[in-house]
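**Student:**
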Amino acid sequence: MNTAGHSKAFTKLLLHLHPKRVNAQSIKFTRTFGLGGISSLFFVILFASGMLLRFAYVPSVKGAYDSIVELQNEILFGQLLRNIHYWSGMGLVLVSFLHLIRVFYSQSIYHDRRKNWFYGLLLFFLVVFSNFTGYLLPWDQLSYWAVTIMANMLTVIPFVGDFLADMIRGSNEVSETTLLRFYHFHTGLLPLLMVAFMSVHFWLIRKSKGVTVANMENRETVPTSPHLLYKEMFVALIVIISLLVLSTLVNAPLQEKANPLISPNPSKAPWYFMGVQELLLHLHPIFAICVIPSAVIFFLIYTPYMKFSDLNVGVWFNSEKGKKLTIFSIIFGILFTLSITLFSEYWWNGTQLMPNVPSLISTGLLLALFYMIPASVFLYFLKIKYQASKIDLVMACFTIIMMAYLVMTIVGTFFRGEGMSLFV
Numbered sequence: 059m060n061t062a063g064h065s066k067a068f069t070k071l072l073l074h075l076h077p078k079r080v081n082a083q084s085i086k087f088t089r090t091f092g093l094g095g096i097s098s099l100f101f102v103i104l105f106a107s108g109m110l111l112r113f114a115y116v117p118s119v120k121g122a123y124d125s126i127v128e129l130q131n132e133i134l135f136g137q138l139l140r141n142i143h144y145w146s147g148m149g150l151v152l153v154s155f156l157h158l159i160r161v162f163y164s165q166s167i168y169h170d171r172r173k174n175w176f177y178g179l180l181l182f183f184l185v186v187f188s189n190f191t192g193y194l195l196p197w198d199q200l201s202y203w204a205v206t207i208m209a210n211m212l213t214v215i216p217f218v219g220d221f222l223a224d225m226i227r228g229s230n231e232v233s234e235t236t237l238l239r240f241y242h243f244h245t246g247l248l249p250l251l252m253v254a255f256m257s258v259h260f261w262l263i264r265k266s267k268g269v270t271v272a273n274m275e276n277r278e279t280v281p282t283s284p285h286l287l288y289k290e291m292f293v294a295l296i297v298i299i300s301l302l303v304l305s306t307l308v309n310a311p312l313q314e315k316a317n318p319l320i321s322p323n324p325s326k327a328p329w330y331f332m333g334v335q336e337l338l339l340h341l342h343p344i345f346a347i348c349v350i351p352s353a354v355i356f357f358l359i360y361t362p363y364m365k366f367s368d369l370n371v372g373v374w375f376n377s378e379k380g381k382k383l384t385i386f387s388i389i390f391g392i393l394f395t396l397s398i399t400l401f402s403e404y405w406w407n408g409t410q411l412m413p414n415v416p417s418l419i420s421t422g423l424l425l426a427l428f429y430m431i432p433a434s435v436f437l438y439f440l441k442i443k444y445q446a447s448k449i450d451l452v453m454a455c456f457t458i459i460m461m462a463y464l465v466m467t468i469v470g471t472f473f474r475g476e477g478m479s480l481f482v
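Mapped onto my numbering, the consecutive letters of the sequence shown carry residue numbers 59 to 482.
1. What alpha helix (DSSP H) runs, 4 residues minimum, are completely inside the stretch 301-352?
2. Going by the beta-carbon positions, is the gap between Asn-376 and Gln-83 smaller than 8 Å?
3. The beta strand (DSSP E) that contains Val-80, what's its start and end?
4. Kindly identify the DSSP beta-bridge partner or partners of Val-435.
5. Go to Val-253, then tell me how far its alpha helix (DSSP H) extends in each direction, as first and last residue.
6. Looking at the unbroken alpha helix (DSSP H) that takes in Val-102, where does it start and where does it end?
7. If you pair each beta-carbon of the stretch 396-416 with each one of the stretch 346-356, do three or more pairs fall below 8 Å?
8. What whole-angstrom Cβ distance do Gly-147 and Leu-181 have, given they're in contact under 8 Å?
9. CB Glu-378 to CB Leu-480, shorter than 8 Å?
10. Taking the straight line between their C-alpha atoms, what separation do you get for Ser-257 and Val-371?
11. Taking the CB atoms as reference points, tell me whether Leu-111 and Leu-138 lie closer together than 8 Å.
12. Straight-line CA distance for Ser-434 to Ile-458?
13. DSSP three-state label for Arg-160, please.
14. Give the DSSP bridge partners of Arg-172, in chain order.
15. Is DSSP giving Leu-134 helix, strand or coil here?
16. Report the option in Met-461, Tyr-363, Tyr-123 whose CA atom is closest to the CA atom of Phe-386.
17. What separation, rounded to the nearest whole angstrom, lies between the Cα atoms of Ala-294 and Lys-265?
18. Going along the chain, which residues of its own chain have a beta-carbon closer than 6 Å to the beta-carbon of Thr-90, five neighbours each way excluded?
19. Of all the options Tyr-444, Glu-476, Gly-95, Ala-454, which has the alpha carbon lying nearest to the alpha carbon of Ile-263?
20. Expressed to the nearest angstrom, what Euclidean distance is found between the alpha-carbon atoms of Lys-381 and Trp-374?
21. Please go through the same chain and pick out, in chain order, the residues whose beta-carbon is closer than 6 Å to the beta-carbon of Tyr-115, but skip the five residues on each side of it.
22. Just the C-alpha distance for Leu-383 and Thr-206, rounded to the nearest angstrom, thanks.
23. Tell me whether Thr-191 is buried or exposed, calling it buried when 16 or more other Cβ atoms sit within 10 Å of its Cβ.
24. Have a look at Leu-286, Phe-100, Leu-134 and flag the residue whose alpha-carbon is nearest the alpha-carbon of Pro-77.
25. Between which two residues does the alpha helix (DSSP H) carrying Thr-384 extend?
26. Going by DSSP in three states, Asp-368 sits in which element: helix, strand or coil?
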């Protein structure tokens with residue numbers, strides 16, 4: 059066996075992703091926590107397990123559910139294979155989200171890395187959309203009604219809502235056309251797009267000379283192999299072992315076969331969209347589906363173009379003061395979001411309290427202001443009390459947004475019962 063030749067070939071493959079030498083600071087685990095690499099590993103696992111699942115899956119209303127049941131009960135390691143695919147998909151959504159947060163808090167979205175931030179946002183959208191299209195494929199009650207809810211959410215978008223919902227469903231309701239459309243998106247177009255944009259994403263990282271580090275003047279480098287390679291292999295091994303243990307102990311959910319005539323109570327969106335569904339319970343649909351998501355997207359796109367006088371690229375939270383203010387923002391975001399949720403649930407009913415006022419104002423604008431005004435006062439307090447800089451306030455805004463969505467996701471997922479009523 060030509061061991062030396064195989065080693066040389068592997069080294070060449072490795073250098074397509076990494077340079078021959080890397081900055082010694084950049085390979086510390088606490089610099090990136092390996093989140094980008096873990097996301098890539100999950101994608102590879104999903105691709106491999108998905109290819110195997112294609113041999114058993116039947117993409118039709120009559121055959122989809124039965125093929126999943128047969129896979130789990132009749133095919134050797136079929137249940138394990140489906141579990142691996144399911145938990146890898148959930149892991150990819152979670153880890154890629156954490157990766158975006160890590161990049162933002164380490165000030166790695168500015169200057170020449172701005173373009174890669176946008177590719178990262180696009181990749182995250184593809185990750186979520188890919189997971190969503192796969193969500194329907196088992197064709198059980200859970201998946202059918204989750205997709206139905208999400209399609210119905212789109213219909214509230216002015217002018218184009220019905221068009222977008224029909225484009226996703228392929229008809230006026232979730233049907234076999236929807237299933238086929240989701241199947242081809244999930245197994246064909248979306249993986250190709252993700253491979254293409256991941257390639258660009260990796261190339262831009264190489265072009266920017268690797269991940270950002272706190273002290274760019276420190277140019278000490280070490281060979282990629284073994285220093286970085288061994289760390290990546292160790293992290294990959296831990297992830298794979300954890301995934302196998304989880305997949306062995308916890309099965310992917312599968313409820314009864316989808317029945318369009320009987321909806322479960324409660325009917326919920328996929329967990330990563332539960333924050334939006336929870337928002338819909340409190341705000342006017344125009345605000346919940348259009349105004350607030352559009353404002354958040356604008357914030358994420360506009361922030362890299364902002365100018366800062368004290369920007370420390372590669373420094374977590376930009377400074378020790380920024381770290382402290384971020385912790386304050388986490389506490390504020392969690393407590394205030396919980397408070398406004400309870401306020402809206404048990405006291406504020408705009409249509410009853412203000413029957414002569416348009417619901418767009420009474421359940422939309424006013425409730426949004428109830429959140430935005432105290433949040434603005436909190437940011438002003440940080441500026442006056444702690445001399446928070448512009449970038450400190452930007453991170454505080456980002457933190458409050460993330461905490462608000464996290465709280466609403468948890469509330470909607472774990473604390474909503476029959477009729478989507480809140481129980482505490």
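By construction, the Cβ of each residue, glycine as well, lies at the ideal position given by its N, Cα and C atoms. Because the structure is a prediction, the values reported are computed rather than measured.
**Tutor:** Walking through what the data contain:
1. 332-340
2. No, the pair does not count as a contact, with Cβ atoms beyond the cut-off.
3. 79-81
4. Partner(s): none; Val-435 has no beta bridge.
5. 248-265
6. Note, Val-102: alpha helix (DSSP H), 93-112.
7. no
8. About 15 Å; that fails the 8 Å criterion.
9. no
10. 24 Å
11. no
12. Distance between the alpha carbons of Ser-434 and Ile-458: 11 Å.
13. helix
14. For Arg-172, which the question treats as bridged, DSSP gives no partner whatsoever.
15. Of the three classes helix, strand and coil, the one that applies to Leu-134 here is coil, per DSSP.
16. Met-461
17. 25 Å
18. If you ignore the 5 residues before and after Thr-90, its C-beta comes within less than 6 Å of the C-beta of Val-269, all in its own chain and listed in chain order.
19. Gly-95
20. 8 Å
21. Cβ within range, chain order: Ser-125.
22. 41 Å
23. buried
24. Leu-286
25. 378-404
26. coil
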